[in-house]
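K.L.:
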Amino acid sequence: MVTVRFVTGIIGNATTLILYLSPMITVRRIFKSKSTEQFSSFPYAMTMLEGLLYTWYSLPFVSPNNLLITTITSTGVAIEFIYLLIFLVYAPKKEKLKIVGLLAFVLTVIATVALVSLLALHGKPRMHMCGIVTTIFTIVMYASPLSVARMVIKTKSVEYMPFWLSLFTFICGILWFLFGLLGADPYVYVPNGLGGLLGMMQLILYAIYRDKKAEPKKAVDDGFIEKVEPKKAADDGSVVEMNSVDLEKANPKKHQDPI
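Positions 135 to 393 (the numbering used here) are the ones given, in order, by the sequence shown.
1. What is the rounded straight-line gap between the Cα of E363 and the Cα of L201?
2. Quick check on the DSSP output: the alpha helix (DSSP H) that includes E293 runs from which residue to which?
3. Beta-carbon of F176 versus every beta-carbon of chain B: anything under 8 Å?
4. Under the rule that 16 or more other beta-carbon atoms within 10 Å means buried, what is A341, buried or exposed?
5. Can you tell me the Cα-Cα spacing of T160 and Y224, whole angstroms?
6. Could you compute how far the alpha carbon of A179 sits from the alpha carbon of V240?
7. Is it true that the CB of L187 sits closer than 8 Å to the CB of F271?
8. In angstroms, rounded to a whole number, what distance separates the CA positions of F140 and I206?
9. Three Cβ pairs or more, each shorter than 8 Å: is that satisfied between the stretch 218-236 and the stretch 154-174?
10. So S156 is in the alpha helix (DSSP H); what residue range does that whole segment cover?
11. Should A283 be labelled buried (16 or more other beta-carbon atoms within 10 Å of its own) or exposed?
12. According to DSSP, simplified to helix, strand and coil, what is A248?
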């Protein structure tokens with residue numbers, strides 16, 4: 135029998151897949167230029183870790199009735215791993231070491247959680263332990279755009295906060311919140327409910343500042359504001375330095391748009 139929770143999970147799978155694929159423009163740019171430029175691999179590694187943790191948590195012997203989480207998060211892990219491989223190929227030597235370190239951290243965390251939950255815990259304690267760890271990392275992942283939101287408020291410009299990324303973050307958060315609520319699973323509805331609220335906050339900021347133009351600035355320690363070098367936002371929300379050639383080619387009227 136098809137239930138409301140099942141339908142919500144199917145729609146959640148579709149929208150989350152779009153969110154996972156949103157960095158494709160940035161990755162394609164890296165692939166074509168054969169350089170990672172100023173893009174960071176950190177968000178991809180953290181999204182991969184969150185996906186691994188949720189994949190493990192949603193397995194039947196850890197938590198029941200969460201197969202729809204398993205399908206999308208395992209897909210997301212594969213996608214993020216491909217992104218990281220592309221970063222690893224085209225990053226400078228120093229950055230390659232950072233990426234290897236991030237991958238080692240990701241594997242250490244998931245291996246520790248898996249081994250402890252398998253060997254030391256059973257039943258409800260296993261579910262609670264895996265759920266708590268997964269919730270913590272999911273909240274951290276959802277909270278990462280707060281630095282961008284702070285920049286939007288300071289610069290009074292949404293250049294650094296792509297609309298479509300904010301919209302799908304909001305939609306995914308709400309859908310998985312409902313999925314968890316319908317299944318009475320706090321380890322799904324709590325972090326994703328917070329994610330939905332953070333996505334809504336980004337949309338509100340976008341509505342307030344979308345028509346405003348401001349020169350990028352930064353706050354210094356004494357509270358004064360000073361100018362910084364212009365930057366531009368990639369389509370997945372990453373911020374990359376612009377040089378003078380980029381500025382000449384950029385179209386000032388064009389707005390560029392990761393459970």
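Where is the CB? At the ideal position from N, CA and C, for every residue including glycine.
P.N.:
Working from what's here:
1. By 1-based counting over the sequence shown, the position of residue 363 is 229. By 1-based counting over the sequence shown, the position of residue 201 is 67. Note that E363 scores a pLDDT of 46, beneath 50, so its modelled location is shaky and nothing firm can be said.
2. In the sequence shown, residue 293 corresponds to position 159, counting from 1. Going by DSSP, E293 is part of no alpha helix (DSSP H) at all; its letter is neither H nor E.
3. The chain inventory of the structure shown lacks chain B, comprising one protein chain alone.
4. Here the question's residue 341 lines up with position 207 in the sequence shown. Flag for A341 reads exposed.
5. Along the sequence shown, read from residue 1 onward, the residue named residue 160 stands at position 26. Along the sequence shown, read from residue 1 onward, the residue named residue 224 stands at position 90. In this structure, the straight-line span from the alpha carbon of T160 to that of Y224 is close to 13 Å.
6. In the sequence shown, counting from the first residue as 1, residue 179 sits at position 45. In the sequence shown, counting from the first residue as 1, residue 240 sits at position 106. Taking the straight line from one Cα to the other gives about 7 Å.
7. Numbered from 1 along the sequence shown, position 137 holds the residue referred to as residue 271. Numbered from 1 along the sequence shown, position 53 holds the residue referred to as residue 187. With contacts defined as CB atoms closer than 8 Å, F271 and L187 qualify as a contacting pair.
8. Residue numbering aside, residue 140 sits at position 6 when the sequence shown is read from its first letter. Residue numbering aside, residue 206 sits at position 72 when the sequence shown is read from its first letter. Take the alpha-carbon of F140 and the one of I206: they are about 13 Å apart.
9. Judged by Cβ distances under 8 Å, the stretch 218-236 makes contact with the stretch 154-174, as three or more pairs qualify.
10. Working through the sequence shown from its first residue, we reach residue 156 at position 22. No alpha helix (DSSP H) contains S156, which DSSP labels as neither H nor E.
11. By 1-based counting over the sequence shown, the position of residue 283 is 149. For A283, the number of other beta carbons within 10 angstroms of its own is at least 16, and it is reported as buried.
12. Taking the first residue of the sequence shown as position 1, residue 248 is located at position 114. In the three-state reduction of the DSSP assignment, A248 falls in the helix class, which pools H, G and I.
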